[in-house]
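Here is the structure we will look at.
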Amino acid sequence: MTAGKPLFSLQTQITILVCGVVALSLLVANALITTSVAGIVEEEIGENAADIARIMARSPVVVEGLTGKRDETDIRGFAAEMRKATEVEYIVIMDMNGIRKSHPNTSIIGKHFVGGDEGPVLLDSREYTSTARGTLGMSLRAFSPIFNTDGRQVGAVSVGILLDNVQKTIAQSRIIIYFATGVGFLIGIAGALALARNVKRTLFGLEPFAIAELLEVRSAMLESVREGILAIDQDTKVTMVNKEAVRILNLAGIEEDLIGKPIEERVVNTRLKEVLETGRVELDQDQDINGVIILTNRMPIKVDGQVVGAIATFRDKSEIRHLAEQLTGIRNYVETLRAQAHEFMNKLHVILGMAQMKCYDELGGYINGIAQQYQEEVGFVDRRVKDPVLAGFVLAKLSRAREMGVDLVLADASYLPKPAASCMVHELVTIMGNLMDNAIEAVSQSDAKRVDVWFDYTDGILSLEVTDTGPGISLEIQKEIFAKGYSTKADNRGLGLFLVQRSVAKLQGDMKLYSQLGQGTRFRVDLPYQTGGDGSDSGSDCGR
Numbered sequence: 001m002t003a004g005k006p007l008f009s010l011q012t013q014i015t016i017l018v019c020g021v022v023a024l025s026l027l028v029a030n031a032l033i034t035t036s037v038a039g040i041v042e043e044e045i046g047e048n049a050a051d052i053a054r055i056m057a058r059s060p061v062v063v064e065g066l067t068g069k070r071d072e073t074d075i076r077g078f079a080a081e082m083r084k085a086t087e088v089e090y091i092v093i094m095d096m097n098g099i100r101k102s103h104p105n106t107s108i109i110g111k112h113f114v115g116g117d118e119g120p121v122l123l124d125s126r127e128y129t130s131t132a133r134g135t136l137g138m139s140l141r142a143f144s145p146i147f148n149t150d151g152r153q154v155g156a157v158s159v160g161i162l163l164d165n166v167q168k169t170i171a172q173s174r175i176i177i178y179f180a181t182g183v184g185f186l187i188g189i190a191g192a193l194a195l196a197r198n199v200k201r202t203l204f205g206l207e208p209f210a211i212a213e214l215l216e217v218r219s220a221m222l223e224s225v226r227e228g229i230l231a232i233d234q235d236t237k238v239t240m241v242n243k244e245a246v247r248i249l250n251l252a253g254i255e256e257d258l259i260g261k262p263i264e265e266r267v268v269n270t271r272l273k274e275v276l277e278t279g280r281v282e283l284d285q286d287q288d289i290n291g292v293i294i295l296t297n298r299m300p301i302k303v304d305g306q307v308v309g310a311i312a313t314f315r316d317k318s319e320i321r322h323l324a325e326q327l328t329g330i331r332n333y334v335e336t337l338r339a340q341a342h343e344f345m346n347k348l349h350v351i352l353g354m355a356q357m358k359c360y361d362e363l364g365g366y367i368n369g370i371a372q373q374y375q376e377e378v379g380f381v382d383r384r385v386k387d388p389v390l391a392g393f394v395l396a397k398l399s400r401a402r403e404m405g406v407d408l409v410l411a412d413a414s415y416l417p418k419p420a421a422s423c424m425v426h427e428l429v430t431i432m433g434n435l436m437d438n439a440i441e442a443v444s445q446s447d448a449k450r451v452d453v454w455f456d457y458t459d460g461i462l463s464l465e466v467t468d469t470g471p472g473i474s475l476e477i478q479k480e481i482f483a484k485g486y487s488t489k490a491d492n493r494g495l496g497l498f499l500v501q502r503s504v505a506k507l508q509g510d511m512k513l514y515s516q517l518g519q520g521t522r523f524r525v526d527l528p529y530q531t532g533g534d535g536s537d538s539g540s541d542c543g544r
């Protein structure tokens, strides 16, 4: 099933996006350049006007006309010639009182300069440009002071250019910018089309919705590369089987190619069809494939909320058991270290106190007693439990019980030979561990905190008993105590005895419960047991 198509194709989306980015970039660049060019043009016009003003201020005709050495008509004539030559709007010569001596409009010659911006040039002898409204309208003006041969200011010159003319010049320069912007946008469109076609070709013509579907399917299949992975489509036909899945299926005698074939016709009891129909996830489920036990997870494959297939990931359970045995050994080792660290810390406090009190003779005896106790305990367990993992496990439980103030006693007559199959170690840890933990917890609130453990091997049968002095178990609870999730304690409990019963059943053994209220509880387990071996799984299938 494919997801819904978007409104626009990938090629169209890329084209629109790139064109939008190009257009936005060009608009921003155009605004910045236009503003910059307007400022530059205005600045250049002002500089030109200032240069003309300086030339007029240094002209002998102007200086002599203002000092009375020439007729003022010479000033007007010279100003008119310069105005025509430089194409400015006006050149006004004024004396120190701001009275015009020249102007394009001869009728206002002899009258005061208009605009109000002549003060700095007359009072402070400054050169500058400004914008003000005069008799001809708003203009850009450049002022320059006029000095006589003695260096005394005798007047000033103002060169003006109407702002309308300035804006016309700026508008002419903008035309080129707008033209360049248009050409750039056309080039951007062509580039966007070329890019969109190239991307489409690179993606083998797939649209994003198709790529998303393939990505989700492949991602789900490769969640765990060390597991066998098998996927089906909506028609329950196999779409993908990885190498690990092929290897495990070959162990089960299924050697044919499954791709494109209905899964239920080739591999029975996969439950992938049910997952496809219900959309529910099934985790950590045991499955028997022609005698090969696997641990499998099954989950639906969804695209946009719709189930488009199902996938199963699985591993050979014997391999998982090997890993669990390794982890069990490490966990037991850590638990032993933690319990012993706590116990040794208490002993160190005693040693420190005796050393501070200088009771050296007693201190020596105390240390020798600790060493002897430790050696006796390790030796006692080592002589009775021949498997190192199980021996470490029992030592861990002894330390843990001692830490909790419980007297955990291993019977002198106990004997546990090394099993022929390493998988048996995992099952025994599950059985012994849960029974001991339950017993230790049961006596934690009792006055007499004692747990007795006994095991023995006779004629191929391993017998195990765990007895506690706890409050006992009522008949009503005994009927429900082995059910999964049943517990008289807090939430998330009730798995221990369920796991014990499952392991006993897997090993084809037998378990009995004896309990009386106020007198304690005893569990007895009898299991078929093969001894010896190098720890491999040969010689026993552990109830597979």
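Per full-length UniProt numbering, the sequence shown starts with residue 1, numbered consecutively. Each residue gets a CB set at the ideal place from its N, CA and C atoms; glycine is no exception.
Based on DSSP bridge pairs, tell me the residues matched to residue i.
i, result
"Gln-508", "Gln-508 is not bridged to any residue."
"Gly-134", "Gly-137"
"Gln-159", "Here residue 159 turns out to be Val, not Gln, going by the sequence shown. DSSP, once it has assigned bridges, lists Ile-91 and Ala-142 as partnering Val-159."
"Tyr-128", "Phe-143"
"Leu-462", "Tyr-457 and Leu-527"
"Ile-293", "Asp-288"
"Asp-452", "Val-409 and Thr-467"
"Leu-299", "Strictly speaking, residue 299 in this sequence is Met, with Leu absent from that position. Its beta-bridge partners are Ile-311."
"Val-238", "Ile-232"
"Pro-419", "Thr-531"
"His-112", "Ile-99"
"Ser-515", "Thr-521"
"Gln-153", "Phe-147"
Which one of the options has the shortest CA to CA distance from residue i?
i, options, result
"Ile-289", "Asp-316, Lys-302 and Ile-301", "Asp-316"
"Ile-477", "Ser-463, Asp-459 and Leu-513", "Leu-513"
"Lys-261", "Gln-234, Gln-285 and Asp-286", "Gln-234"
"Gly-518", "Leu-507, Ser-144, Gln-445 and Lys-479", "Gln-445"
"Val-505", "Pro-120, Met-424 and Arg-271", "With the sequence shown as reference, residue 505 is identified as Ala, and Val is not the correct amino acid for it. Ranking Pro-120, Met-424 and Arg-271 by Cα distance to Ala-505 puts Met-424 first."
"Lys-418", "Phe-455, Arg-152 and Ala-401", "Phe-455"
"Val-61", "Ile-33, Glu-43 and Met-82", "Met-82"
"residue 564", "Leu-348, Arg-58, Ile-259 and Pro-120", "For residue 564 there is no data in the structure shown, the boundaries of the chain being 1 and 544."
"Asp-284", "Asp-164, Ile-301 and Glu-227", "Glu-227"
"Ala-192", "Gln-11, Ile-367 and Lys-84", "Gln-11"
"Ser-9", "Gln-167, Thr-106 and Ile-211", "Ile-211"
"Asp-459", "Thr-531, Arg-402 and Pro-388", "Thr-531"
"Ala-171", "Val-63, Ser-36, Glu-255 and Ile-248", "Ser-36"
"Gly-309", "Met-240, Met-354, Leu-408 and Asn-250", "Met-240"
"Pro-104", "Leu-398, Gly-160, Ile-367 and Gly-115", "Gly-160"
Checking 9 Å against the spacing of the C-beta atoms, do residue i and residue j come in under that value?
i, j, result
"Leu-416", "Val-385", "yes"
"Ile-146", "Ser-102", "no"
"Glu-465", "Val-525", "yes"
"residue 606", "Ile-14", "Outside the displayed range of the chain (1 to 544) lies residue 606, so it cannot be described from this structure."
"Asp-437", "Arg-522", "no"
"Ser-503", "Glu-427", "yes"
"Leu-195", "Val-18", "yes"
"Met-432", "Leu-390", "yes"
"Glu-282", "Arg-298", "yes"
"Val-429", "Ile-440", "no"
"Tyr-529", "Leu-462", "yes"
"Asn-30", "Ile-177", "yes"
"Gln-501", "Leu-527", "no"
"Val-406", "Lys-449", "yes"
"Ala-411", "Val-453", "yes"
"Gly-46", "Thr-129", "yes"
"Asn-148", "Thr-73", "no"
"Leu-272", "Ile-263", "yes"
"Ala-142", "Ala-79", "no"
"Val-303", "Glu-213", "yes"
"Asp-286", "Thr-270", "no"
"Ile-311", "Ile-320", "no"
Just confirm the distance between the C-beta atoms of residue i and residue j, as a whole number of angstroms; I'd bet it's less than 8 Å.
i, j, result
"Glu-127", "Ala-50", "7 Å"
"Val-238", "Ile-232", "6 Å"
"Val-292", "Ala-252", "4 Å"
"Glu-89", "Ser-144", "No, Glu-89 and Ser-144 are not in contact; Cβ-Cβ is about 16 Å, not under 8 Å."
"Gly-137", "Glu-118", "Going by Cβ atoms, the distance from Gly-137 to Glu-118 rounds to 17 Å, so no, they are not a contact pair."
"Leu-276", "Thr-236", "7 Å"
"Leu-26", "Phe-185", "6 Å"
"Gln-516", "Gly-472", "5 Å"
Is residue i close to chain D? Criterion is C-beta to C-beta, closer than 9 Å.
i, result
"Ile-45", "Absence of chain D from the displayed structure is noted, only one protein chain being present."
Cβ contact (3+ pairs, closer than 8 Å) linking the stretch 131-151 and the stretch 20-30 = Between the stretch 131-151 and the stretch 20-30 there are fewer than three C-beta pairs closer than 8 Å, too few to call the two in contact.
Stretch-stretch touch, CB-based, cutoff 8 Å, three pairs: the stretch 148-156 with the stretch 92-101 = Touching, yes, given that three or more Cβ pairs across the two stretches are closer than 8 Å.
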